[in-house]
Amino acid sequence: MKYMLLICDDPALFPRDEADYKALMDEYAQFSRDITASGERVSGLRLEGVERASSVRKRDERVLVSDGPFAETKEQVGGLYVVDVSDRERALELAAKLPGARTGVIEVRPLFGES
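Residue numbers (the working numbering): 64 to 178.
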């Protein structure tokens with residue numbers, strides 16, 4: 064079963080110190096190596112910051128483009144993993160291992176037609 068682990072971080076809680084930032088990125092790299100070695104990793108992506116995001120809406124025949132993310136929230140999508148695991152419980156277990164789970168939230172969603 065394939066699941067998306069959507070990493071939503073609060074930028075205010077992101078490490079400002081270079082050593083702390085490197086330690087966090089090292090944790091993500093280790094997580095990536097672990098799920099690659101276990102055969103559970105399908106893909107993973109890190110996203111640029113919300114300052115580079117655009118939101119597109121179509122209302123009637125007008126296309127509206129605005130700068131920034133879709134929603135005004137503290138948490139912002141920073142990246143994602145797609146994993147192929149035995150069941151929902153394993154997807155939740157992997158989500159809890161992500162460093163972002165400590166300060167943000169990891170949304171776990173089955174891919175359509177995969178569960």
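Every residue, glycine too, gets a C-beta built ideally from N, C-alpha and C. All values reported here derive from a predicted model rather than from experimental measurement.
In the DSSP assignment, the residues bridged to residue 143 are 69, 108. The alpha carbon of residue 169 has as its nearest neighbour, out of 65, 72, 64, the alpha carbon of 72. The region 79 to 108 is shown to contain whole alpha helix (DSSP H) runs of 4 or more residues at 81 to 100, in chain order. Rounded to the nearest angstrom, the gap between the Cα atoms of residue 145 and residue 105 is 5 Å. With a threshold of 16 other beta carbon atoms within 10 Å, residue 139 meets it and is buried. A Cβ-Cβ separation of about 12 Å leaves residue 157 out of contact with residue 65 under the 8 Å criterion.
About 14 Å separates the beta carbon of residue 142 from that of residue 115, a gap too long to meet the 8 Å contact definition.
Bridge pairing for residue 173: 66 [DSSP].
In this structure, residue 88 lies away from residue 172, with their beta-carbon atoms at least 8 Å apart.
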